[in-house]
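S.K.: Note that my numbering has the sequence shown beginning at 19, numbered continuously upward.
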Amino acid sequence: MKISDTKKLAAITAAFFITVTAFSGCSESANSSQTTSSVSQAAKSDIDASIAAEDIDVGYDEESSVGITFSDGSATISGEGATAEGETVTISQAGTYILSGTATNGRIIVSADKTAEIKLIFNGVDITCADNAPLLVSKAKKVYIVLEDGTENVLTDSASYSLGEDDSNTDGAIFSKADLTINGSGTLTVNANYKHGIVSKDDLVITDGNINVTSASTAMEGKDSVKISGGTFNISAGTNGIKSTNTEASDKGFISVTGGSFTVVANNDAFEAETVLSIEGGSFDITTGGGSANASMKSDGTPNRNWHNNMGNGGGGPNGMGRPDDNRNGMGGDPPAMPTADNTDTTDSTSTSAKALKAGSEVNINGGEFKIDSADDSVHSNGNIVITGGNISVASGDNGMHANGNLTISDGTVDITKSYEGIEGSIVTIDGGTISVVASDDGINCAGGSDTGSTDRMGADQFSSQDGVELNINGGTVTIDAEDDGLDSNGNFTMAGGTVYVCGPTNGGNGALDYNGTATVTGGTLIACGAVGMEEGFGDNSTQYSVLHDLGSTVSANEKLTITDSDGKEILSFTPTKTWQSVVFTSADLKKGETYTITAGLQSETVTIDGIVTSNSKGKNFGGGHGGRRGF
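Pasting the structure below:
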């Protein structure tokens, strides 16, 4: 077939759209948090996530193409630029090659000039290789694999390779030392029994196709970058799902996804970028490490021996036991192999990390539909996390979202149905969106340092307020169900807007609110219920009225709490799903001198606003609601 002018124009237009939207979330996040967004902008400034028109173009001139047909232990070639020796075909010139037929022990080798661009049309080809990569690109400028519409294409390797000096680093069923692009609407199935499925030691670009990869190790890897704008992916990986590994430059080692449908089952991380992981759109069904049921620790903080038997030896846990140590090399697991002179790694990672979305410097999510079930953190960054859109549903065996740096949510839906700690970062800022968290420890935790697995999850001093640690809620709707602290900051907590509901702890050793510095409310609405003993309210440096009130006895679970004014008008309401006795509430509707009635179950008590903070609490702060206790 020959591409038409209309199709060319469509390809160019699509490429332009992808280029200008690849990191569109940056401008949105810039308005949400000055501290976080400035880091976000810096992390992405040098990265080129654009996809060129030729990466989308599936057209070719059939008359000028070279035909290669595999059959009966041999390969027939019609045209120049390729040679065959049995079922092994070597392509040595730039051009377009149409491949079809079946090879029971064959190979395609691309060894051309370093300036050559080569287009491989997969038109119903099935190649099995007994001792090497079915497709090896040893030299070229760029190679395109075009999956012809309506065709099934299969590449299969064996569990061991017989390698010489010239190909000693080959470790993937599709292995390219040049840029590699996959497009077209056909189907590609890769059965990688040796190690990896699809590998490019430069850039890996995928714009379309039905791609199925089953791999002993990583399913898809682009060392310099992975850029995906479309396609349907079914991945079953012995280690990582999709990975970019370059550590040598800040503008490389990234993954950019602007579209596509992904089903990923990985024993280790599903998406792992050495620098930035950016997702603008697509649908994602991700399971890592056997899922949250195979968590790195039980909900009570003790090690899950089943997880370690399956995943290997990890580091410490929340009590110094049973958690993979992400600090060993900054990305989890063993240190990465040093690159050799030919730009390849000498060994595979033996990381026990089992995260869903993971990056070295930043995770950006601006769109997409996510269903995640992960044994380890569902979203993890050794730097920052910026959420500006998308619908994210996660069940995590560890943290729902963890950033060693700052974590900002300005839009989208985040539903953490299961976690040890729900959301964790040094500075957590919520400017918008709808967030729901269920946690067996803290709902939102802000602490300095990294997730080292010490008793304090972020490696922080438990007894003092930390500089540079903040929880800021400026908008959005936040619902927390936490067994320990609901909202926990080892520094300050400020609330200027939004709506927050906290179903906090049932034990008196934790609080619905917990902070080591100050807690200030200037706007928004909050109801936080928990046990009596270590309860805290907002401080008198606030400008909006708040109440910290302990009822005379415990309220049963699922009893509606209402707060009404002297006219009987309902000001606030909430139905906690656990027992509670202490409540903190604040609203712009509260007025000084007004008397309010707190009703829960059979209990009804009144409170009159007599200052910026009104409290009858005899807990940690003895009614003041000013100070902070140590953050657990």
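Glycine is no exception: its CB is placed at the ideal position from the N, C-alpha and C atoms.
#1: Please determine if the segment 386-401 and the segment 413-430 are in contact, where contact requires at least 3 C-beta pairs separated by less than 8 angstroms.
#2: Kindly indicate which residue of D184, L165, V155, D175 has the alpha-carbon position closest to the one of A134.
#3: Buried or exposed for T595, going by 16 or more other Cβ atoms inside 10 Å?
#4: Does DSSP put N328 in a helix, in a strand, or in coil?
#5: Whole-angstrom Cβ separation of N634 and D568, contact assumed at under 8 angstroms?
#6: Residues in its own chain within less than 6 angstroms of T174 by CB, not counting five upstream and five downstream?
#7: Quick one: what's got a C-beta closer than 7 angstroms to T94's C-beta in the same chain, skipping five residues either side?
#8: Would N492 and D449 be called neighbours here (beta carbons separated by less than 8 angstroms)?
#9: Would you decide whether S371 is buried or exposed? Buried here means 16 or more other CB atoms lie within 10 Å of its CB.
#10: Counting only the same chain and skipping the five closest in sequence on each side, list residues whose C-beta sits under 6 angstroms from that of L566.
#11: Between which two residues does the alpha helix (DSSP H) containing I74 stretch?
#12: Of all the options T426, L165, I616, which has the alpha carbon lying nearest to the alpha carbon of S571?
#13: For the beta strand (DSSP E) holding M513, just list the boundary residues, first then last.
#14: Report buried or exposed for K20, applying the criterion of at least 16 other Cβ atoms within 10 angstroms of its Cβ.
#15: Beta strand (DSSP E) containing S600: first to last residue?
#16: Bridge partners for Q621 per DSSP, in chain order?
#17: Where does N559 fall in DSSP's three states?
#18: On the DSSP bridge list, what partners appear for V565?
#19: What separation, rounded to the nearest whole angstrom, lies between the Cα atoms of E170 and T205?
#20: Below 8 angstroms, how does it come out for the segment 180-195 and the segment 247-255: are there three or more Cβ pairs, yes or no?
#21: To which residues does DSSP link M238 through a beta bridge?
#22: Can you check DSSP and say which residues form a bridge with L181?
#23: Whose C-alpha, out of T626, G619, S600, is nearest the C-alpha of K609?
#24: With distance defined between alpha-carbon atoms, name the residue in G227, K219, T236, N211 nearest to N201.
#25: For D287 and S262, I'd like the C-alpha separation in whole angstroms.
#26: Run through the DSSP bridge pairs and tell me what I589 is partnered with.
#27: Quick one, which of S83, V107, G99 has its alpha-carbon nearest G91's?
#28: In angstroms with no decimal places, state the Cα-to-Cα distance between G541 and T582.
#29: Give me the residue from G440, T426, E588 with the minimum Cα distance to G418.
#30: Whose C-alpha, out of L117, G119, G99, S118, is nearest the C-alpha of S110?
#31: Rounded to the nearest angstrom, what separates Q655 and G629 at their Cα positions?
#32: Apply the 10 Å Cβ neighbour rule to S574 and answer buried if 16 or more other Cβ atoms are within range, or exposed otherwise.
#33: Using the C-alpha atoms, what's the distance from G299 back to G97?
#34: Alpha carbon to alpha carbon, how far is S233 from S254?
#35: Around the Cβ of G168, are there at least 16 other Cβ atoms within 10 angstroms (buried) or fewer (exposed)?
#36: In this structure, how does DSSP classify N422 when only helix, strand and coil are distinguished?
M.R.: This is what the structure gives:
#1: yes
#2: V155
#3: exposed
#4: In this prediction, N328 has a pLDDT of 40, which is less than 50 and means its spatial position is unreliable; what the coordinates show is noted afterwards. Helix.
#5: 6 angstroms
#6: T146, N209
#7: T87
#8: yes
#9: buried
#10: G555, V602, S633, S635, G643
#11: 71-74
#12: I616
#13: 510-521
#14: Here K20 scores only 40 on pLDDT, less than 50, and its place in the model should not be relied on; the value that follows carries that caveat. The residue is exposed, with fewer than 16 neighbouring Cβ atoms inside 10 Å.
#15: 598-604
#16: A618
#17: coil
#18: F603, T632
#19: 5 angstroms
#20: no
#21: I216, I260
#22: None; L181 has no bridge partner.
#23: T626
#24: G227
#25: 12 angstroms
#26: In the DSSP output, where bridge partners are listed per residue, I589 has none listed.
#27: V107
#28: 19 angstroms
#29: G440
#30: G99
#31: Since the first residue shown for the chain is 19 and the last is 650, residue 655 is missing from the structure and cannot be characterised.
#32: exposed
#33: 42 angstroms
#34: 6 angstroms
#35: exposed
#36: coil
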